[in-house]
Ligand code: SF4
Ligand code: SF4
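Residue numbers (the numbering used here), protein chains in the order written: chain G, 1 to 181; chain R, 1001 to 1370.
The following block contains the structure:
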């Protein structure tokens, strides 16, 4: 006796949703729990290393947005001193071309993606804001030398370093998908 | 004697004037019901969101207050602060009156739902008939809302509302009559008192019919054709906002609460239960029914209109009639002492009838794909 026409499908579906009750949620409680992003993320900021920068302005030329303001003066010897180095992260499209074009590895994309500000003026990253600090770290985008120090990306995994719990992934069904059709 | 009548007697003995003796308990009772219903609706909204979230592997709202319990209140404030928009070519009067006509009958239903021994506003001796009569008024409000909005989607929803609610009224009423036959009374208190064994065991088929019919009456999934978001946007309340929308929103949950209470009263033994106080038993039963409704919402897709109508007329209605005949014969022939025999018999009948009717009831020659 085949039960396909007697509402057995409804029972199957109800059982399936009931089993969902006992699986852990796959959402992440964002401000409290965060996923570790890709190590090569192009975050919403840039990191600049003043000691490596020669003021050649290659980055400014390669920026499709014309976004990098750089002004220099001749210092001791033939070295340039950088007076102004500003990137407006409100106009930046985070293409990473400036990072790729820098011949001295003096510019890197940032790791952070939480750069919302209340004022437009705050979006302009000055020399001080571009420098490396505790929560302003370079990502390994086009800079493989940073890659080893960064934590591995966690996709749909709670941040275990902060005592989070690991998600369990139960298979939807033991049978092959679509075998009922 | 209900608690309200006792209160009245107390006031009379304290030598209050006649009108005060009559009015004070009435107003107190109405306020009590209003507070009770609104509180439970708020908890229900929270419970539905959380449970639905868990069914869909989410957590549901959990940020506003402990476990997100204040989220419905935040939602209510948000809704109340919204601008009240009336469409240009709308029928202003009907547009204004419709939410009230939807909401008030739902509140009136609670007058005859007993939440404990004597804890009922009025013990009408025709309690069930009152419920049937009052609960059908909402459909007028829904049709008024859909017509007055001057919107094609809401008008479609209104047409569907009439068709759906009128069709499903019949099986619901017929399955209730089965209960009244066995209990020997239309009074809600008497029905609860008559249930030594909950009627869900005695009349499983009646319960299934009543449950499915009530689900359609209160427009819950999978019968939510009136509000089908994916086809007619939001159905009859598409042009409503602000306070008027809040009335519809409350009404939606209010009628679920009312029908869950009616189901608990008619089929699950009402407030009766061991150990715990009656109101707790009543609430437990209501929440179980509500959770089951959410479970169905999380699982089942919406029916098509033709499927909806044929389900009512070809499946539920004949089953309800047969169920009624079976119950009537049993009441006539079998003595009351043979409760267990009746239960076994009725479960057998239910299984046999559902199997038989599913065989007859196939759409498109039984092919699932079109
Ligand atoms: S990331 Fe692209 S847009 Fe932004 S500053 Fe660099 S080159 Fe310009
Ligand atoms: S390309 Fe590199 S080195 Fe040249 S100015 Fe830009 S950041 Fe400095």
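Even for Gly, the Cβ is constructed at its ideal location relative to N, Cα and C. This structure is a prediction, so every number in the text was calculated from the model and none was measured.
DSSP places residue 48 of chain G in the strand class (E or B) of the three-state scheme. Minimum Cα-Cα distance from residue 1005 of chain R among the listed residues R:1115, R:1144, R:1119 and R:1049 corresponds to R:1119.
Assignment of residue 72 of chain G by DSSP, reduced to helix, strand and coil, places it in the strand class. With respect to the 8 Å criterion, residue 1157 of chain R and residue 1099 of chain R are not classified as neighbours on the basis of their beta carbons. By the CB criterion at 8 Å, residue 1134 of chain R and residue 1101 of chain R fall outside the cutoff. DSSP, reduced to helix, strand and coil, places residue 1306 of chain R within a helical segment of the structure shown.
For residue 21 of chain G, the nearest beta carbon of chain R is closer than 8 Å to its own beta carbon. At least one beta carbon of chain R lies nearer than 8 Å to the beta carbon of residue 10 of chain G. In this structure the stretch 34-44 of chain G does not lie against the stretch 1064-1072 of chain R, because fewer than three pairs of beta carbons, one per stretch, are closer than 8 Å. Taking C-beta atoms as the reference points, residue 1259 of chain R and residue 1218 of chain R count as a pair closer than 8 Å.
Relative to the Cα of residue 1048 of chain R, the nearest Cα in the group R:1257, R:1090, R:1330 and R:1342 belongs to R:1257.
Using beta-carbon distances, residue 1024 of chain R does not count as an interface residue toward chain G, since no partner is under 8 Å. Residues of the same chain with a CB within less than 7 Å of the CB of residue 1245 of chain R, apart from the 5 flanking positions on each side, are 1079 and 1237 in chain order. Less than 8 Å separates the beta-carbon of residue 1160 of chain R from that of residue 1225 of chain R.
Beyond the five residues adjoining it in sequence on each side, residue 106 of chain G comes within less than 6 Å, by CB distance, of 49, 52 and 53 in the same chain, given in chain order. According to the DSSP assignment, residue 107 of chain G belongs to the beta strand (DSSP E) that extends over 107-109. Of all residues in the stretch 1054-1068 of chain R, only 1054, 1055, 1056, 1057, 1058, 1059 and 1062 come within less than 8 Å of chain G when Cβ atoms are compared, listed by chain position.
Taking 7 Å as the cut-off, one finds at least one heavy atom of ligand 2 near enough to the beta carbon of residue 104 of chain G. For the pair residue 27 of chain G and residue 1059 of chain R, the CB atoms are nearer than the 8 Å cut-off. Taking 7 Å as the cut-off, the C-beta of residue 87 of chain G does not count as close to any heavy atom of ligand 2.
Classified as buried, residue 141 of chain G has 16 or more neighbouring CB atoms from the shown chains inside 10 Å of its CB.
If you look at residue 82 of chain G, you'll find it in the beta strand (DSSP E) that goes 80-88. C-alpha of residue 1137 of chain R to C-alpha of residue 1250 of chain R: approximately 16 Å in a straight line. Counting along the chain, residue 1258 of chain R sits inside the alpha helix (DSSP H) bounded by residues 1242-1267. Relative to the non-hydrogen atoms of ligand 2, the Cβ of residue 59 of chain G comes within a distance shorter than 7 Å of at least one.
Per DSSP, residue 1088 of chain R lies in no alpha helix (DSSP H) and is assigned neither H nor E.
Membership of residue 1108 of chain R in the alpha helix (DSSP H) is indicated by the continuous run 1092-1109. A Cβ of chain G is located within less than 8 Å of the beta carbon of residue 1300 of chain R. Beta-bridge pairing by DSSP links residue 133 of chain G to G:136. Straight-line spacing of the CA atoms in residue 1308 of chain R and residue 114 of chain G works out to 49 Å. Residue 67 of chain G has its CB nearer than 7 Å to a heavy atom of ligand 1.
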